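Asks:
Residue numbers (this note's numbering): 73 to 441.
(1) Under the three-state reduction of DSSP, which class applies to residue 419: helix, strand or coil?
(2) Three-state secondary structure (DSSP) at residue 370?
(3) Mapping DSSP to helix, strand and coil, what is residue 411?
(4) To the nearest angstrom, report how far apart residue 140 and residue 366 are at their CA atoms.
(5) Can you tell which of 180, 120, 245 has the C-alpha that lies nearest to the C-alpha of residue 152?
(6) Label residue 355 either buried or exposed according to how many other C-beta atoms from any shown protein chain fall within 10 Å of its C-beta, with 16 as the threshold for buried.
(7) Near residue 410, which residues of its chain fall below 7 Å by C-beta distance, leaving aside the five closest residues on each side in sequence?
(8) Hey, quick one: how far does the beta strand (DSSP E) through residue 157 stretch, first residue to last?
(9) In the DSSP assignment, what are the bridge partners of residue 136?
(10) Express the C-alpha separation of residue 239 and residue 336 in angstroms, rounding to a whole number.
(11) According to DSSP, which residues form a beta bridge with residue 325?
(12) Can you tell me whether residue 399 is buried or exposed, with buried defined as 16 or more other CB within 10 angstroms of its CB?
(13) When we look at the beta-carbon of residue 276 and count the other beta-carbons within 10 Å, is it buried (16 or more) or exposed?
(14) How many Å lie between residue 252 and residue 412 at the Cα?
(15) For residue 231, does the count of other Cβ atoms within 10 angstroms reach 16, so buried, or fall short, so exposed?
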């Protein structure tokens, strides 16, 4: 009898170990455990005064489960009373509880990465989805009515963070070649939009990427910090340079290119200078809005895979003052940063994409191509 009980407990132990190992294997390999958060049927508006159409990743997605509030495109749309059609996508890992965002082209992801994002739309898919819906909305409209829709529409194309993130651990030459293909894909899709929509006067807000080493997730995500840190910084420079070079000569409309990395750096410097008791001539160092308390850590920490399995949906820890944290979670901006980013983008497009008759130009982090 004792031998029977020992065998039973041994089998139970093996079963438990098998379950835990399987969970670890799926978590570490990302095999198909990512599902998109937004599932509602998409349609374009039949009528609107002004419209913002958003293609992007998790930084622009306004249909996530996270309670951090409005994203920057929501704040931007609020500033000029527009209707928003947002196709940006975020995915959540069922096992790990962590998030991922869309990339420019899923075909650029490696085999393991692609398996984890097979249900997450890339730029190509998002654009096709919007074009199909818009085609239904304009059926039966006159040329003047279609032209009116075009004149009152601004597009946002905001990718790059997850593209660079997927390349950090790659060979640098391989990564830069992939970056060049992805940037070309962005411009090819904008050309496709112009052709399919029948307009060569598109209005586009195109965001540059950020230095992913500033993200709270970076230290724990990559083991070879030295090489991967240097590669990530160089990849950012390559991505943003190629994007600038491609945007400047574009002839299908007006592109406002926003320097997202400069915006992020100024948020960090504002707090750093304030902490050091230094006020720069640029105005940085006052730390007045929002009065940052933390520009390095996440307000909400993502639990590990074992915690996700055992928590059964329990709330994650949240900081006391979310509006004073630069980052909401390990990969996303906090609520105040979204608001401030929208303000800067709005100041940049006013007189360029908006109120063009006034020709007002302000000091901004972007330029009109």
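Heads up, the beta-carbon is just placed ideally off N, CA and C, and yes, glycines get one too. Since this is a predicted model, take the numbers as computed values, not measurements.
Replies: Here's the rundown:
(1) Position 347 of the chain shown, counted from the first residue, corresponds to residue 419. Note: residue 419 maps to helix in three-state DSSP.
(2) Indexing the chain shown from 1 puts residue 370 at position 298. Three-state DSSP puts residue 370 in a strand.
(3) As a first step, residue 411 must be located in the chain shown, where it is residue number 339. It is helical.
(4) Counted from its first residue, the chain shown places residue 140 at position 68. Counted from its first residue, the chain shown places residue 366 at position 294. Looking at the two C-alpha atoms, the distance is approximately 16 Å.
(5) Residue numbering aside, residue 152 sits at position 80 when the chain shown is read from its first letter. Out of 180, 120, 245, 120 has the C-alpha closest to the C-alpha of residue 152.
(6) Taking the chain shown and counting its residues from 1, one reaches residue 355 at position 283. It is exposed - the Cβ of residue 355 has fewer than 16 other Cβ atoms within 10 Å.
(7) Locating residue 410 in the chain shown gives position 338, counting from the first residue. Hits under 7 Å: 142, 143, 144, 147.
(8) Indexing the chain shown from 1 puts residue 157 at position 85. Unbroken beta strand (DSSP E) run through residue 157: 155 to 158.
(9) Residue 136 sits at position 64 when you count from the first residue of the chain shown. According to DSSP, residue 136 bridges with nothing at all.
(10) The residue given as residue 336 occupies position 264 in the chain shown. The residue given as residue 239 occupies position 167 in the chain shown. Those two C-alpha atoms are separated by around 21 Å.
(11) By one-based count along the chain shown, residue 325 stands at place 253. 274, per the DSSP bridge assignment.
(12) The residue labelled residue 399 in the question sits at position 327 within the chain shown. Looking at its Cβ environment, which holds 16 or more other Cβ atoms inside 10 Å, residue 399 is buried.
(13) Counting from 1 along the chain shown, the entry for residue 276 is found at position 204. The residue in question, residue 276, is buried, as its Cβ has 16 or more Cβ neighbours within 10 Å.
(14) In the chain shown, residue 252 corresponds to position 180, counting from 1. In the chain shown, residue 412 corresponds to position 340, counting from 1. Near 30 Å, if we compare the C-alpha coordinates of residue 412 and residue 252.
(15) As a first step, residue 231 is located in the chain shown; it is residue number 159 there, counting from the start. Counting Cβ neighbours within 10 Å, residue 231 comes out buried, since at least 16 surround it.
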